[in-house]
Amino acid sequence: MTDRTITPKHLYDLIQRGESVELVDVRTPVEFREVHAEFARNIPLDAFDPQTVMSDRNGSSPNPLYVICRSGGRAAKACEKLVASGHENVVNVEGGTLAWEEAGLPVKRGKKAVSLERQVRIAAGFLILTGVVLGFAVHPGFFGLSGFVGAGLMFAGITDTCAMGMLISKMPWNQVSECQSK
345 MTDRTITPKH LYDLIQRGES VELVDVRTPV EFREVHAEFA RNIPLDAFDP QTVMSDRNGS
405 SPNPLYVICR SGGRAAKACE KLVASGHENV VNVEGGTLAW EEAGLPVKRG KKAVSLERQV
465 RIAAGFLILT GVVLGFAVHP GFFGLSGFVG AGLMFAGITD TCAMGMLISK MPWNQVSECQ
525 SK
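Dropping the structure here:
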């Protein structure tokens, strides 16, 4: 595992000095379209293949590959994948795009979207409420739906993976066509 990190400000300073910097943003295409560092390219974590990423780099650069996400968690996972596949020269951008924006660094903005995390909270709340209402109004067996969703949320918290989030990210409203992503 890599513990290498860099602050957004320090990374931007490298760019200002003219250093060659390659930044990969591992958020979903919808999140990327909403706001991203001007020079970042998008490779969503669910489609992140370390060998492909490294072979697609600008030449066989000896420079580090910088990885960013919303707040740092997904970028850390991408860095772990890269290191596990033998690529040590990777650096996670501390605090992600949120910290990049807070530092007042240049971003490219696009269409506003409801975050995936918020969509998961809405869906989970809806399913739990539906289970409770149907449990009282129709049959007590429907309380199982609420229990199932609660167990899923607990599992997501423990494992830091979210099946509901992965499913919701595949929904049509969370897809970006090539012409929309520019």
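Sequential numbering from 345 applies to the sequence shown in the working numbering. From the three backbone atoms N, C-alpha and C, an ideal C-beta is built for every residue, glycine too. If you're wondering where the values come from, they're calculated on a predicted model, not measured in any experiment.
Helix, strand or coil: how does DSSP classify residue i here?
| i | result |
| --- | --- |
| I412 | strand |
| A447 | coil |
| R385 | strand |
| H483 | coil |
| V464 | helix |
| V520 | coil |
| G509 | helix |
| M515 | coil |
| R418 | helix |
| T396 | helix |
| T372 | coil |
| D535 | With the chain running from 345 to 526 in the structure shown, residue 535 is simply not present. |
| S525 | Residue placement at S525 cannot be trusted, given a pLDDT of 47 that sits under 50; the coordinates are not used to answer. |
Pull up the DSSP beta-bridge partners for residue i, would you.
| i | result |
| --- | --- |
| V476 | The partner list for V476 (beta bridge, DSSP) is empty, contrary to what the question assumes. |
| E366 | L409 |
| I350 | V437 |
| K456 | DSSP output for K456 lists no bridge partner at all. |
| H431 | Answer is none; H431 lacks a bridge partner. |
| V379 | R453 |
Exposed or buried, which one is residue i when buried takes at least 16 other CB atoms within 10 Å?
| i | result |
| --- | --- |
| I387 | buried |
| I503 | In the sequence on display, residue 503 carries Thr and not Ile. Exposed is the call here. |
| T441 | buried |
| L473 | exposed |
| V477 | exposed |
| P394 | buried |
| F376 | buried |
| S490 | buried |
| R414 | buried |
| W517 | exposed |
| S513 | buried |
| Q329 | What is shown of the chain runs 345 to 526, which leaves residue 329 out entirely. |
| E432 | exposed |
| A384 | buried |
| V482 | exposed |
| A495 | exposed |
| L511 | exposed |
Quick check: does the Cβ of residue i come within less than 7 Å of any heavy atom belonging to the ligand NAP?
| i | result |
| --- | --- |
| G417 | What this structure holds is no ligand at all, so the ligand NAP is not there to describe. |
Assuming residue i and residue j make a contact with CB atoms under 8 Å, what is their CB distance in whole Å?
| i | j | result |
| --- | --- | --- |
| L426 | V435 | Contact flag wrong, Cβ pair sits at about 10 Å. |
| L409 | R418 | Wrong, their Cβ atoms sit about 15 Å apart, outside the cutoff. |
| V411 | V437 | 7 Å |
| A468 | M508 | 7 Å |
| A374 | V520 | Ala is not the amino acid found at residue 374; the sequence shown has Val there. About 6 Å separates the two Cβ atoms, so the contact holds. |
Contact criterion: CB-CB distance below 8 Å. Does residue i meet it with respect to chain B?
| i | result |
| --- | --- |
| V464 | The structure shown has no chain B; it contains just one protein chain. |
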